[in-house]
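Working notes, beginning with the structure itself.
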Amino acid sequence: MIIAIDGPAASGKGTLAKRLAEHLGFACLDTGLLYRAVGRDVRSRGFRLDDTWAAVAAARGLDPVSLTDPGLRGTVAGDAASIVARIPEVRAALLAYQRDFARQPPGAVLDGRDIGTVVCPEADVKIFVTASPEVRARRRFSEFQAFGMDVAYETVLADILTRDARDAGRPNAPMVVATDAMLLDTSNLSIEAAFDAAVGLIKRKIGQPGR
Ligand code: DC
8 MIIAIDGPAA SGKGTLAKRL AEHLGFACLD TGLLYRAVGR DVRSRGFRLD DTWAAVAAAR
68 GLDPVSLTDP GLRGTVAGDA ASIVARIPEV RAALLAYQRD FARQPPGAVL DGRDIGTVVC
128 PEADVKIFVT ASPEVRARRR FSEFQAFGMD VAYETVLADI LTRDARDAGR PNAPMVVATD
188 AMLLDTSNLS IEAAFDAAVG LIKRKIGQPG R
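Residues 8 to 218 in my numbering are what the sequence shown lists, from first letter to last.
Written out as structure tokens, the structure reads:
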């Protein structure tokens, strides 16, 4: 069984995907990490992020073990990921890994931007997680504050809007709601409430998973 969770930055889709995978006993892949790792490797080799040749080489040579690198978290790595993710050949190079992961028994949860539309259009369940830009910026801002980082809320909001525009505006595999996806707006939901709502959507679609 394949569960596709798509949505914009800071929508809560990563947390939700992990919780769902644990609940169902499925494997979980945060596909954003693949693009983040490509960005990291392009930079560490001294190339520009929009250098197609360097980015494709990094994507083709990506070591999945390196996805646990804590340096992949954070907005700098996220912005870098969003830039290399615009290159169609980079996306193509990462496709087989994602599809192989998705097909493992008994099932997998993948989260990203194009899981339900491009990576796994055949997914059994597709959920598009969203929240208003202001709510997403507020969540990010609180995380930064908890880490003692001095960033203005307006800066965080501007970064989120820039990333949304880049991810939704690219010609190749843009972030878009799949026609058969179910929408989950987490603007007014706690993590727990979002999880319960997602389980409800999955049950509605395919019955009683994991119970
Ligand atoms: O989900 P995330 O914030 O870690 O993703 C980082 C960037 O990677 C995101 O801004 C766009 C890109 N990405 C993508 O293009 N396709 C995916 N399936 C996942 C991420």
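Where a beta carbon is used, it is the ideal one built from N, C-alpha and C, also for glycine.
Predicted model, so just to flag it, every value in this text is computed and none were measured.
Among R173, G214 and R143, whose alpha-carbon lies nearest the alpha-carbon of G163?
Note that residue 163 is Val in the sequence shown, not Gly. That would be R143, whose Cα lies nearest to the Cα of V163.
Euclidean distance between Cα positions of G207 and F135:
14 Å
With a threshold of 16 other CB atoms inside 10 Å of the CB of D157, please say whether the residue is buried or exposed.
exposed
Inter-residue Cα distance where the pair is I167 and D192:
17 Å
Alpha helix (DSSP H) segments (min. 4 residues) lying fully within the stretch 36-97:
39-51, 59-67 and 82-91
Could you check if T137 is buried or exposed, using at least 16 other CB atoms within 10 Å of its CB as the buried criterion?
buried
Burial state of L41, where buried means 16 or more other Cβ atoms lie within 10 Å
buried
At a cut-off of 7 Å, would you count Y42 as near ligand 1, judging by its Cβ distance to the nearest heavy atom?
yes
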